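Worksheet for the structure shown next.
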Amino acid sequence: MTTAHDTEVQPGDPKLPTKLAAHPSVQAVLTRRGAGEVASPPAVIDAAWLREQCLAAGADDAAAVSLDHADLAGEREHVLAALPGTRSLIAMVFRMNRDNCRSPARSVANQEYHQTDEQANHAARNFARALQDAGHRALNPSVGFPQEMDRFPGRIWVVAHKTVAVAAGLGVMGLHRNVIHPKFGSFVLLATVLVDAQVSEYGQALDYNPCIDCKLCVAACPVGAIGKDGAFDGLACATHNYREFMSGFTDWVQTVADSADAADYRSRVTDAEGASMWQSLASPPGYKSGYCLAVCPAGEDNLAPYLDDRKTFMNTVLRPLQDKTETLYVLPGSHAQEYAQRRFPHKPVKEVTGGWRPPARRPALS
Ligand code: B12
Ligand code: SF4
Numbered sequence: 006m007t008t009a010h011d012t013e014v015q016p017g018d019p020k021l022p023t024k025l026a027a028h029p030s031v032q033a034v035l036t037r038r039g040a041g042e043v044a045s046p047p048a049v050i051d052a053a054w055l056r057e058q059c060l061a062a063g064a065d066d067a068a069a070v071s072l073d074h075a076d077l078a079g080e081r082e083h084v085l086a087a088l089p090g091t092r093s094l095i096a097m098v099f100r101m102n103r104d105n106c107r108s109p110a111r112s113v114a115n116q117e118y119h120q121t122d123e124q125a126n127h128a129a130r131n132f133a134r135a136l137q138d139a140g141h142r143a144l145n146p147s148v149g150f151p152q153e154m155d156r157f158p159g160r161i162w163v164v165a166h167k168t169v170a171v172a173a174g175l176g177v178m179g180l181h182r183n184v185i186h187p188k189f190g191s192f193v194l195l196a197t198v199l200v201d202a203q204v205s206e207y208g209q210a211l212d213y214n215p216c217i218d219c220k221l222c223v224a225a226c227p228v229g230a231i232g233k234d235g236a237f238d239g240l241a242c243a244t245h246n247y248r249e250f251m252s253g254f255t256d257w258v259q260t261v262a263d264s265a266d267a268a269d270y271r272s273r274v275t276d277a278e279g280a281s282m283w284q285s286l287a288s289p290p291g292y293k294s295g296y297c298l299a300v301c302p303a304g305e306d307n308l309a310p311y312l313d314d315r316k317t318f319m320n321t322v323l324r325p326l327q328d329k330t331e332t333l334y335v336l337p338g339s340h341a342q343e344y345a346q347r348r349f350p351h352k353p354v355k356e357v358t359g360g361w362r363p364p365a366r367r368p369a370l371s
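So in my numbering, spot 232 of the sequence shown is number 237, and the numbers just go up one at a time.
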């Protein structure tokens with residue numbers, strides 16, 4: 006098995022124009038190469054070395070998958086556009102602290118998401134640096150934001166981390182359409198690193214789904230985005246949860262533009278909403294929900310309290326989120342609006358427009 010460290014040097018000076026060959030940097034490179042100080046990258050990256058690098062960088066789990074994997078057919082053109090010559094993708098998993106995600110105080114949950122996001126970006130970048138230092142081309146698309154907003158409202162993400170993680174065998178998508186890791190459950194964020202080489206061993210898909218089909222995510226979602234049958238209403242989710250991201254923000258700007266004067270604006274936007282929007286612009290933007298993930302008991306590390314006493318689990322994890330009084334954002338006439346008003350009458354429902362366009366006029370997302 007070849008590693009980054011035991012590859013033989015490939016000698017042979019390139020044919021260079023005289024002026025270029027005389028340049029001090031070029032001479033330094035040729036001298037180092039002649040002295041055997043610059044190793045060629047291994048044709049095949051050792052899977053154990055790779056995993057070790059990922060864990061050292063801060064990942065909690067990692068595995069590689071070939072770009073030729075059948076389940077990555079839809080990602081292929083996007084991956085090759087991001088890094089021409091990509092041969093393998095390395096999926097990385099980062100744990101989040103459970104009770105932070107579960108807190109009805111959104112500032113606590115949002116801090117947890119953003120810190121893990123940042124940690125994952127750092128780790129993926131450091132790992133990509135290790136691959137670069139071993140002589141490879143490697144790239145780490147962002148874990149969350151920034152994304153390619155010039156493509157909005159189309160596919161704004163560079164690579165679909167969930168699709169890659171599942172193909173690499175790090176988990177399976179649960180009813181709530183997030184990847185559930187067999188040990189860490191839903192409390193994980195994902196990163197992907199693209200590299201221009203093959204890996205000696207690729208991850209194998211899990212032969213079971215860690216989702217236990219408890220349907221707590223269905224009960225927790227305030228806008229009915231998750232169907233018991235596995236249907237997912239992405240537009241309902243994005244309209245509420247992303248109220249202070251690119252989609253809700255454009256609607257808020259529209260409200261400002263449409264307001265006749267300050268009094269009119271204040272009749273449309275409460276002080277708390279205005280302050281919350283400021284906070285999302287000043288700090289990383291705040292998710293309004295994520296309850297589907299918060300209540301998920303799946304994963305070996307999380308399951309015991311749910312198995313031991315389901316009633317207490319419901320009362321202490323699900324109910325505080327259901328009981329919370331908070332504004333729900335919905336599109337007028339949507340299923341989400343009817344559902345929110347019927348299931349959560351104590352949560353004020355606010356009609357919003359703008360942001361994501363209705364499905365008929367929206368470009369394909371993947
Ligand atoms: C787009 C996106 C969203 C969209 C769509 C979610 C989705 N299911 O696709 C919205 C805004 C709804 C969203 C919300 C959240 N997201 Co998000 N999101 C992404 C993103 C950028 C791409 C997702 C993707 O690959 N979609 C395409 C395919 C693979 O997904 P799919 O489920 O098969 O396809 C569905 C969508 O297309 C959706 N859909 C249908 N109609 C519409 C309409 C609109 C407007 C949109 C946006 C989507 C959509 O329906 C399809 C079929 O079910 C990734 C980051 C990344 N670069 O990968 C994070 C990512 C998937 N999100 C993540 C998280 C954590 C969340 C939230 C919990 C955030 C929060 N704190 O509240 C919620 C959870 C909502 C949920 N139940 O899924 C994590 C998931 C981690 C995990 N364990 O799997 C990711 C991987 C980020 C990361 N790096 O860790 N997200
Ligand atoms: S993030 Fe919130 S709105 Fe979106 S599916 Fe989960 S619970 Fe529903």
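Glycine residues also receive a C-beta, built at the ideal position from the N, C-alpha and C atoms. Computed from a prediction, not measured in an experiment: that's the story for all the values here.
| query | If you check the beta carbons only, do GLY304 and PRO215 fall under 8 angstroms apart? | reply | Taking the sequence shown and counting its residues from 1, one reaches residue 304 at position 299. Taking the sequence shown and counting its residues from 1, one reaches residue 215 at position 210. Contact flag set, yes.
| CB PRO146 to CB ALA243, shorter than 8 angstroms? | Mapped onto the sequence shown, residue 146 falls at position 141. Mapped onto the sequence shown, residue 243 falls at position 238. No, they are not a contact pair.
| field | Contacting residues, own chain, Cβ-Cβ under 7 angstroms from GLU13 (five flanking each side not counted) | value | Here the question's residue 13 lines up with position 8 in the sequence shown. Model confidence at GLU13 stands at a pLDDT of 35, short of 50, so the residue's coordinates are unreliable and nothing is read from them.
| task | Answer yes or no: the CB of PHE132 versus the heavy atoms of the ligand B12, is any distance below 7 angstroms? | result | Position 127 of the sequence shown, counting from 1, holds the residue named residue 132. Every heavy atom of the ligand B12 is 7 angstroms or more from the Cβ of PHE132, so no.
| query | Grouping DSSP H, G and I as helix and E and B as strand, with all else coil, what is ARG100? | reply | Numbered from 1 along the sequence shown, position 95 holds the residue referred to as residue 100. Note: ARG100 maps to strand in three-state DSSP.
| query | What are the boundary residues of the alpha helix (DSSP H) that SER252 is part of? | reply | Here residue 252 refers to the residue found at position 247 of the sequence shown. Start and end: 251 to 263.
| said: Counting beta carbon pairs with one atom in the region 91 to 110 and one in the region 62 to 72, are three or more of them shorter than 8 angstroms? | reply: yes
| field | Residue from VAL163, ALA225, LEU298 whose Cα sits closest to the Cα of LEU194 | value | For this step, residue 194 is matched to residue 189 along the sequence shown. Closest option to LEU194, Cα to Cα, is LEU298.
| query | Does DSSP put ASP328 in a helix, a strand or coil? | reply | Here residue 328 corresponds to residue number 323 of the sequence shown, with the count starting at 1. Three-state DSSP puts ASP328 in a helix.
| Looking at C-alpha atoms only, which residue of GLY235, MET282, GLN58 is the closest neighbour of ALA129? | One-based indexing of the sequence shown puts residue 129 at position 124. The residue with the shortest Cα to Cα distance from ALA129 is GLN58.
| query | From this set, ALA267, ALA172, ASP218, CYS222, which residue's C-alpha is nearest GLY79's C-alpha? | reply | Translated into the one-based positions of the sequence shown, residue 79 becomes position 74. Per the Cα distances, ALA172.
| message | Spatial neighbours of GLU117 within its chain, please: C-beta separation below 6 angstroms, excluding the five flanking residues on both sides. | response | Counted from its first residue, the sequence shown places residue 117 at position 112. MET101, ASN102, ASN105, CYS106, listed in sequence order.
| Nearest-angstrom Cα distance between GLY17 and ASN183? | Translated into the one-based positions of the sequence shown, residue 17 becomes position 12. Translated into the one-based positions of the sequence shown, residue 183 becomes position 178. In this prediction, GLY17 has a pLDDT of 47, which is less than 50 and means its spatial position is unreliable; what the coordinates show is noted afterwards. Whole-angstrom Cα-Cα distance: 50 angstroms.
| request: Would you kindly work out how many angstroms separate the C-alpha atoms of VAL164 and THR197, rounded to a whole number? | output: As a working mapping, residue 164 is identified with position 159 in the sequence shown. As a working mapping, residue 197 is identified with position 192 in the sequence shown. Computed Cα separation, rounded: 8 angstroms.
| Is the region 306 to 324 close to the region 268 to 282, with three or more CB pairs under 8 angstroms? | no
| message | On a Cα-Cα basis, can you pick out the residue from ALA143, GLY208, CYS226, PHE150 that is closest to LEU180? | response | For the purposes of this step, residue 180 is identified with residue 175 of the sequence shown, where counting begins at 1. When each option's Cα is compared against that of LEU180, the closest is CYS226.
| Would you say the region 334 to 351 touches the region 219 to 235, given that touching needs at least three Cβ pairs under 8 angstroms? | yes
| For GLU153, three-class secondary structure by DSSP | Working through the sequence shown from its first residue, we reach residue 153 at position 148. In the structure shown, GLU153 sits in coil (DSSP, three-state: anything other than H, G, I, E or B).
| said: Measuring only the C-alpha atoms, how far is LEU308 from HIS83? | reply: Here residue 308 corresponds to residue number 303 of the sequence shown, with the count starting at 1. Here residue 83 corresponds to residue number 78 of the sequence shown, with the count starting at 1. Each residue's alpha carbon lies about 37 angstroms from the other.
| task | Measure how close the beta-carbons of SER71 and TYR207 come, nearest whole angstrom, since I'm counting them as under 8 angstroms. | result | Numbered from 1 along the sequence shown, position 66 holds the residue referred to as residue 71. Numbered from 1 along the sequence shown, position 202 holds the residue referred to as residue 207. Confirmed, Cβ separation roughly 6 angstroms.
| field | Min CB distance LEU336 to chain D below 8 angstroms | value | Among the chains in the structure shown there is no chain D, since it carries only a single protein chain.
| request: Take GLY39 and list the residues in its own chain whose beta-carbon comes closer than 6 angstroms to its own, dropping the five residues that flank it on each side. | output: For the purposes of this step, residue 39 is taken as residue 34 along the sequence shown, with counting starting at 1. Closer than 6 angstroms at the Cβ level, and outside the excluded window around GLY39, lies no residue.
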